[in-house]
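**Q** One structure, as structure tokens, below. Some questions next.
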Amino acid sequence: MTDDVIAQAAAWQAAGVRFATATVVGTHGSAPFPVGTSMLVGADGQIVGSVSGGCVEGAVCAAAEEVLAGASPVRAVYGVGADDAFAVGLTCGGTIEIAVCETYGDVPLGRVAADLAGRRPVALVTPTDGLGGLAVGAAGRSGSLGDAPLDAA
Numbered sequence: 248m249t250d251d252v253i254a255q256a257a258a259w260q261a262a263g264v265r266f267a268t269a270t271v272v273g274t275h276g277s278a279p280f281p282v283g284t285s286m287l288v289g290a291d292g293q294i295v296g297s298v299s300g301g302c303v304e305g306a307v308c309a310a311a312e313e314v315l316a317g318a319s320p321v322r323a324v325y326g327v328g329a330d331d332a333f334a335v336g337l338t339c340g341g342t343i344e345i346a347v348c349e350t351y352g353d354v355p356l357g358r359v360a361a362d363l364a365g366r367r368p369v370a371l372v373t374p375t376d377g378l379g380g381l382a383v384g385a386a387g388r389s390g391s392l393g394d395a396p397l398d399a400a
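Residue numbers (my numbering): 248 to 400.
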């Protein structure tokens, strides 16, 4: 996540605003952005960040709205096929896989954002099933992935 995306996620979390996170979890061939790039979609429809430079954001926002309405987390692959070259707008020739989930649980995103802003090492681990999250930084660990051995790894 970029600093502006994590800062907005922290602000929404602190304000109790629900949001979904869409993250590039796989690419093949030419892709607009690398794995790890994230975009937020607020419950009010506000969008922060981008996963494709506009190529598939409409489809990703629709998936985020479904997740926020109670659907299970989504993993979707967008790419160019013989019949759908312009169906979702990804015309760069590659494919991207996006995971969309409402997540973070009790991870203090404000602390993660502060570590990033201060250029201190920090890792934010978010499972693609949308269950939990774990932050590891100079101040220690917080949150959970729902599995004690995995949290300790």
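Where a beta carbon is used, it is the ideal one built from N, C-alpha and C, also for glycine. It should be emphasised that the depicted structure is a prediction, and the values quoted were computed from it without experimental measurement.
Is the stretch 352-367 touching the stretch 283-302, taking contact as three or more C-beta pairs under 8 Å?
**A** Contact fails between the stretch 352-367 and the stretch 283-302, because fewer than three Cβ pairs, one in each stretch, are under 8 Å apart.
**Q** Let me make sure I understand the geometry here. Which of G317, V298, P355 has the alpha-carbon closest to that of G273?
**A** Against the sequence shown, residue 273 aligns to sequence position 26. Closest option to G273, Cα to Cα, is V298.
**Q** Threshold first: 4 residues or longer. Then list the alpha helix (DSSP H) segments lying entirely within the stretch 270-356, N to C.
**A** 304-315
**Q** Within the continuous beta strand (DSSP E) that includes L371, where are the two ends?
**A** One-based indexing of the sequence shown puts residue 371 at position 124. First-last of the beta strand (DSSP E) with L371: 369-372.
**Q** With Y325 and I345 assumed to form a contact (beta carbons below 8 Å), what rounded beta-carbon distance in angstroms separates them?
**A** Looking up residue 325 in the sequence shown gives position 78. Looking up residue 345 in the sequence shown gives position 98. That pair is a contact at about 7 Å.
**Q** So V369 and V383 are supposed to be a Cβ contact under 8 Å. How far apart are they, rounded?
**A** By 1-based counting over the sequence shown, the position of residue 369 is 122. By 1-based counting over the sequence shown, the position of residue 383 is 136. Sure, about 7 Å apart at Cβ, within 8 Å.
**Q** Considering only residues of the same chain and omitting the five flanking positions on each side of A329, which have a CB-CB separation below 7 Å?
**A** Along the sequence shown, one-based indexing puts residue 329 at 82. Reliability of the predicted coordinates at A329 is poor, the pLDDT of 43 falling under 50, and no value is obtained from them.
**Q** To which residues does DSSP link L381 through a beta bridge?
**A** Counting from one through the sequence shown, the residue named residue 381 turns up at place 134. Paired residue(s): V372, G390.
**Q** Rounded to whole angstroms, what is the Cα-Cα separation between R367 and G387?
**A** On the sequence shown, residue 367 is found 120 positions in, with the first residue counted as 1. On the sequence shown, residue 387 is found 140 positions in, with the first residue counted as 1. Per the coordinates, the alpha-carbon of R367 lies some 12 Å from the alpha-carbon of G387.
**Q** Assuming T268 and L287 form a contact by the criterion Cβ under 8 Å, report the distance between their Cβ atoms to the nearest whole angstrom.
**A** Within the sequence shown, numbered from 1, the residue matching residue 268 stands at position 21. Within the sequence shown, numbered from 1, the residue matching residue 287 stands at position 40. Yes, they are in contact, since the Cβ atoms of T268 and L287 sit about 6 Å apart, within 8 Å.
**Q** The alpha helix (DSSP H) that contains V252, what's its start and end?
**A** The residue labelled residue 252 in the question sits at position 5 within the sequence shown. Its alpha helix (DSSP H) spans residues 250-262.
**Q** Have a look at V372 and G380 and give me their C-alpha separation to the nearest angstrom.
**A** What you label residue 372 is simply residue 125 of the sequence shown in a count that begins at 1. What you label residue 380 is simply residue 133 of the sequence shown in a count that begins at 1. Using only the alpha carbons, I get a separation of about 6 Å.
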